[in-house]
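Notes for the one structure printed next.
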Amino acid sequence: MAAGTTHHTIVSTQSHRWNCKNSRLDETTTKVGLVSIRSCSSGNRKLGLVCASGSKSSIIDPVQLPSSGNGESSLILIRHGESMWNEKNLFTGCVDVPLTPTGVEEAIEAGKRICNIPIDVIFTSAMIRAQMTAMLAMMQHRRKKVPIITHKESEQAHSWSQIYSEHTRKQSVPVITAWQLNERMYGELQGLNKQETAERFGKEQVHEWRRSYDMPPPNGESLAMCADRAVTYFKDQVRICLQ
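In terms of the numbering used here, the sequence shown is residues 1234 to 1476.
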């Protein structure tokens, strides 16, 4: 986009939410809920961060960012709604599981909370639960723009998915999917019941697999490995849009 244009980005993530109080990402099973706003300055640019929160708050009306002129960017982080394996308390990781009816309602509610914020591009993981959340949220947006998944996995896929109407293009929002934004790969824990796994291996061992930064679950990813791919993608792709 041209310099000085107001630019907003929405990111639908897999298994993390922003902890506004401590300014960090927490791995959590908290469902999509209300949204809150943080902002910070970088030189002459301002960045507003709109993050999903699982706790109830006093926010009733849809969120609307204050206008501060040209050069303002907003980053929206939304955790996916409840998946069918969240409901069963199973380790999901990179298994592609859809939302439950409750998860659909949560995604719709999240969309209502951001319906007044202009959105230009959506980044989401390759998982269907994240993509469903993004699509359902966008269906609530007051501008009624159509989210369209971009296909660049091959030259033919890119060519066949082109839009040739400029008017239609302006009424669309590109959705960019990336495996780098997937939830961490839980290895041999994927598909296991979390409670039964704790009883089998011990709560301390399972806690260490889930919460330690450097220790991966058996044949899985550590948080450090997951952060390496996700943060690298954020810096190379998402940050470019924000700038």
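C-beta atoms are modelled at their ideal positions from N, C-alpha and C, and glycine is treated no differently. From a predicted model like this one, the values you see are computed outputs, not experimental measurements.
Three-way DSSP call (helix, strand, coil) for residue i in this model
i	result
Cys1347	Strictly speaking, residue 1347 in this sequence is Ile, with Cys absent from that position. In the structure shown, Ile1347 sits in coil (DSSP, three-state: anything other than H, G, I, E or B).
Asn1219	No statement about residue 1219 is possible, as the shown extent of the chain runs from 1234 to 1476 and does not include it.
Glu1388	helix
Gly1341	Correcting the residue identity first, residue 1341 is Ile in this sequence and not Gly. DSSP places Ile1341 in helix when its eight states are reduced to three.
Arg1472	helix
Arg1375	coil
Arg1312	strand
Ser1275	Confidence at Ser1275 is low in this model, with a pLDDT of 47, below 50, so its placement is unreliable and the value that follows should be read with caution. Strand.
Glu1305	strand
Gln1364	helix
Arg1402	helix
Gly1435	coil
Glu1421	helix
Tyr1446	coil
Tyr1397	coil
Opposing strand residues paired with residue i [DSSP bridges]
i	result
Ile1382	Val1408
Leu1323	Asn1426
Glu1441	According to DSSP, Glu1441 bridges with nothing at all.
Leu1332	Ser1316
Residues near residue i in its chain [Cβ-Cβ closer than 6 angstroms; skip 5 each side]
i	result
Arg1462	Gln1413
Met1454	According to the sequence displayed, residue 1454 carries Glu and not Met. Closer than 6 angstroms at the Cβ level, and outside the excluded window around Glu1454, lie Arg1417 and Met1418.
Thr1320	It should be pointed out that residue 1320 corresponds to Glu in this sequence rather than to Thr. Here the set comprises Thr1333.
Pro1450	Tyr1419, Gly1420, Leu1422 and Trp1442
Arg1402	Ile1396
Arg1444	none
Exposed unless 16 or more other CB atoms sit within 10 angstroms - verdict on residue i
i	result
Thr1366	buried
Ala1370	buried
Asn1363	The residue asked about is misnamed: residue 1363 is Ala in this sequence, not Asn. With 16 or more Cβ atoms within 10 Å of its Cβ, Ala1363 is classed as buried.
Val1471	buried
His1313	buried
Glu1388	exposed
Tyr1446	exposed
Ile1311	buried
Gly1336	buried
Gly1344	buried
Ile1347	buried
Ile1309	buried
Ile1473	exposed
Thr1465	exposed
Thr1410	buried
Asn1255	Any reading at Asn1255 needs caution, since the residue's pLDDT is 39, under 50, leaving its predicted position unreliable; the model's value is listed next. Asn1255 is exposed by the Cβ-count criterion.
Same chain, Cβ closer than 7 angstroms to residue i, five either side skipped, listed in chain order
i	result
Gly1424	Leu1323, Phe1324 and Val1328
Val1408	Ile1355, Thr1357, Ala1367, Pro1380, Ile1381, Ile1382 and Thr1383
Asn1415	Gln1247, Cys1327, Ser1358, Ala1359 and Met1360
Met1188	The structure shown has nothing for residue 1188, since the chain only spans 1234 to 1476.
Met1317	Val1330, Pro1331 and Thr1333
Val1439	Thr1430 and Ala1431
Asn1426	Asn1322 and Leu1323
Glu1315	Lys1264, Leu1332, Thr1333, Thr1335, Gly1336 and Glu1339
Met1458	Pro1449
Close Cβ partners of residue i (< 8 angstroms) along its chain, the five nearest in sequence each way excluded
i	result
His1384	Ala1390, His1391, Trp1393 and Ser1394
Gln1428	Asn1322
Tyr1397	none
Ile1341	Leu1369, Ala1370, Met1372 and Gln1373
Lys1377	Gln1404
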